[in-house]
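A.B. asks: Please see the structure below; I have some questions.
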Amino acid sequence: MTVLVFTLILFVGAYAAGLIGSLTGLGGGVVIIPLLSVFLGIDIHYAIGAALVSVIATSSGSAAAYVREGITNMRIGMFLEIATTIGAVVGALVATIAPTHFIAVLFGCILIFSAMNSLRKKAVHVLPESSPLAKKLKLYGSYPTASGVVHYGTKNVAGGFVMMIVAGVLSGLLGIGSGALKVIAMDNIMRIPFKVSTTTSNFMMGVTATASAVVYLQRGYVQPGICMPVVIGVLLGALTGSRILIRSSPEKLKVFFAIVITLLALQMIYNGITGKI
Amino acid sequence: MEKTKQALKDKDLQYIIGNLLRWGVWSSMTIAIIGGIIYLSRHGHETVYYPKFEEQDRSMLTILGDMFRGLADGHGRALIMLGIILLFATPVMRVIFSLIGFAVEKDRMYVVITLIVLLIIFVSVRGGLG
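Top line first, the protein sequences correspond to chains A and B. Numbering of the first sequence is given in the working numbering, commencing with residue 2 and proceeding in unit increments. Numbering of the second sequence is given in the working numbering, commencing with residue 149 and proceeding in unit increments.
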């Protein structure tokens with residue numbers, strides 16, 4: 002295979018990954034890794050490096066819009082970034098010593114969990130009053146909705162913080178944004194409204210991924226020839242996905258992709274157990 | 149009165165950070181695309197070869213040094229690397245701008261929190277204490 006053909010295949014695959022990642026809300030990174038390692042036989046280390054770089058690009062790109070709309074809570078984001086960046090550095094260091102098949106199996110499990118989680122119905126809730134610790138840390142805010150500005154508070158700061166460390170470790174270890182875990186920490190544990198949770202999680206991904214990406218870069222996981230088509234493809238795919246989502250909410254498509262991703266994850270676990278990765 | 153003043157400053161900060169993120173992503177992508185075109189025009193016909201991964205341990209300074217040498221020689225791969233480094237710098241710049249914003253608002257607690265985040269990133273740039 003020539004470099005040109007290889008680059009084009011990577012680009013098309015990454016575009017598909019970005020599109021699926023955006024439509025399902027899973028994120029492009031989590032889809033690109035099995036695509037590269039299962040289908041194209043690329044060493045999982047290079048796949049993780051390229052995925053991390055594309056996570057930084059897509060999350061920063063979409064965070065830009067949400068921040069300007071005033072939905073993202075920058076204080077909550079900054080406070081929890083202490084947890085995610087510590088986790089990310091630890092995760093990246095563990096990745097350098099962890100055996101490849103362990104990473105593949107863990108990745109498959111997280112992928113299945115995220116796919117199932119993306120189908121869950123999201124309850125809308127707003128906590129009127131913050132817990133004392135949340136108040137002290139200024140972890141509250143407001144965001145614009147169609148029916149006016151909504152004020153909200155938070156609680157269970159310690160629980161959310163610990164969950165964010167876990168999200169950071171997985172992000173650094175597997176090269177994913179771990180959006181699903183971040184939203185669980187904010188939405189389910191800290192009771193932050195869903196829209197604020199998702200946008201703030203997105204906002205935090207850039208810094209979290211960078212904290213582990215620089216470790217990956219220094220260990221030689223980031224290959225320019227692989228990263229270039231992957232990052233551009235994932236970014237364009239994600240852009241297309243967000244355009245589609247504005248016009249329609251494709252529930253059936255979501256179920257379909259969740260099944261596809263689960264199969265991909267099972268293949269990855271199988272490859273990991275049989276030592277083919 | 150104090151509260152509306154802070155809300156106003158928060159709005160300015162949101163606007164600046166939103167723009168910073170957008171420009172960071174688009175400029176780094178543009179550079180990576182130009183680098184990619186140069187790389188493909190020179191090496192596009194070669195056979196692709198990625199050997200089994202071998203762990204390296206290069207410091208950030210070595211990587212930057214190699215990149216600038218490659219840029220001077222007009223290597224496409226070095227230009228892609230510059231795009232990637234700019235992309236890494238984008239969220240870090242965002243944290244630095246937040247630091248300035250919190251300092252202007254005289255929010256001492258969040259200045260400290262932001263400094264802790266920067267410190268952790270600095271540790272990872274130093275190879276994660278490894």
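We treat Cβ as the ideally placed atom computed from N, Cα and C, and that holds for glycine. The model shown is predicted, which means the values in this text are computed figures rather than measured ones.
1. Looking at the structure shown, is serine 143 of chain A part of a helix, part of a strand, or coil, going by DSSP?
2. Determine, using beta carbons only, whether valine 231 of chain A comes closer than 8 angstroms to chain B.
3. With 8 angstroms as the limit, tell me which residues of the segment 188 to 217 of chain B have their beta carbon closer than that to any beta carbon of chain A; keep them in chain order.
4. Based on DSSP bridge pairs, tell me the residues matched to tyrosine 153 of chain A.
5. So with CB distances below 8 angstroms, who are the chain A contacts of threonine 178 of chain B?
6. How should leucine 24 of chain A be labelled, buried or exposed, when 16 other C-beta atoms within 10 angstroms of its C-beta is the threshold for buried?
7. Could you tell me the distance, in whole angstroms, from the CA atom of isoleucine 45 of chain A to the CA atom of tyrosine 198 of chain B?
8. Hey, is isoleucine 232 of chain B's beta-carbon within less than 8 angstroms of any beta-carbon in chain A?
9. Applying the 10 Å Cβ sphere with the 16-neighbour rule, what's the burial state of phenylalanine 216 of chain B?
10. Please classify threonine 275 of chain A: does DSSP put it in a helix, a strand, or coil?
11. Determine, for isoleucine 186 of chain B, whether the minimum Cβ-Cβ distance to residues of chain A falls below 8 angstroms.
12. Taking the Cβ atom as the reference point for each residue, do methionine 177 of chain B and leucine 236 of chain A lie within a distance shorter than 8 angstroms?
13. Could you list which residues in chain B have their beta carbon closer than 7 angstroms to that of arginine 220 of chain A, in chain order?
14. Answer with yes or no whether the minimum CB distance from methionine 241 of chain B to chain A is below 8 angstroms.
15. Taking proline 179 of chain A as the reference, give the member of A/Ala99, A/Met164, A/Ile190, A/Met191 with the closest Cα.
16. From A/Ile262, A/Ala239, A/Pro230, pick the residue whose C-alpha is nearest to that of isoleucine 181 of chain B; which is it?
17. Counting contacts by CB-CB distance shorter than 8 angstroms, is arginine 256 of chain B in contact with chain A?
18. Bridge partners for threonine 3 of chain A per DSSP, in chain order?
19. How far does the alpha helix (DSSP H) with lysine 123 of chain A in it reach, from first residue to last?
20. Shorter than 8 angstroms from the beta carbon of glycine 62 of chain A to some beta carbon of chain B?
21. Do three or more CB pairs link the segment 171 to 189 of chain A to the segment 201 to 221 of chain A at distances below 8 angstroms?
22. Would you kindly check if the distance between the Cβ of alanine 116 of chain A and the Cβ of leucine 27 of chain A is under 8 angstroms?
23. Please name the residues in the segment 162 to 173 of chain B whose beta-carbon is closer than 7 angstroms to at least one beta-carbon of chain A, in chain order.
24. In the DSSP assignment, the alpha helix (DSSP H) including alanine 89 of chain A goes from what residue to what residue?
25. Please list, in chain order, the chain A residues whose beta carbon lies closer than 7 angstroms to that of isoleucine 248 of chain B.
26. For chain A, check one thing: does any of its Cβ atoms lie closer than 8 angstroms to the Cβ of valine 260 of chain B?
27. Note down, in chain order, every chain A residue with its Cβ under 7 angstroms from the Cβ of valine 271 of chain B.
28. Quick one, are the C-beta atoms of glycine 221 of chain A and alanine 93 of chain A less than 8 angstroms apart?
29. If you count every other CB in all the chains shown that lies within 10 Å of the CB of threonine 209 of chain A, and 16 or more means buried, which is it?
30. Using a C-beta to C-beta distance shorter than 7 angstroms, which residues of chain B count as neighbours of arginine 69 of chain A?
31. Do isoleucine 261 of chain B and methionine 75 of chain A have their C-beta atoms closer together than 8 angstroms?
32. Excluding the 5 residues preceding and the 5 following alanine 259 of chain A in the sequence, name in chain order all residues of the same chain whose CB lies nearer than 8 angstroms to its CB.
33. If you draw a straight line from the alpha carbon of valine 6 of chain A to that of valine 232 of chain A, how long is it in whole angstroms?
34. Once you ignore the five residues that flank alanine 96 of chain A on each side, which residues in its own chain have a CB closer than 6 angstroms to its CB?
35. Who are the neighbours of leucine 235 of chain B on chain A, taking C-beta pairs under 7 angstroms?
36. Quick one: which chain A residues come within Cβ less than 8 angstroms of valine 265 of chain B?
C.D. replies: Let me lay it out:
1. strand
2. no
3. Leu188, His191, Gly192, His193, Glu194, Thr195, Val196, Tyr198, Lys200, Phe201, Glu202, Glu203, Gln204, Asp205, Arg206, Ser207, Met208, Ile211
4. A/Gly142
5. Going along chain A, no residue has its Cβ under 8 angstroms from threonine 178 of chain B, so there is no contact; the nearest lies around 10 angstroms.
6. buried
7. 12 angstroms
8. yes
9. exposed
10. coil
11. no
12. yes
13. Glu203, Gln204, Asp205
14. no
15. What sits at residue 179 of chain A in the sequence shown is serine, not proline. When each option's Cα is compared against that of serine 179 of chain A, the closest is A/Met164.
16. A/Pro230
17. no
18. B/Thr195
19. Looking at the DSSP string, lysine 123 of chain A is not in any alpha helix (DSSP H), and its letter there is neither H nor E.
20. yes
21. yes
22. yes
23. Gln162, Tyr163, Ile165, Gly166, Leu169, Arg170, Gly172, Val173
24. 75 to 98
25. Residues of chain A passing the Cβ test: none, with the nearest at roughly 13 angstroms.
26. no
27. Val90
28. no
29. buried
30. Gln162, Tyr163, Gly166
31. no
32. Thr25, Ala116, Met117, Ser119, Leu120
33. 17 angstroms
34. Leu174
35. Val54, Ile57, Ala58
36. Met79, Glu82, Ile83, Thr86, Val208
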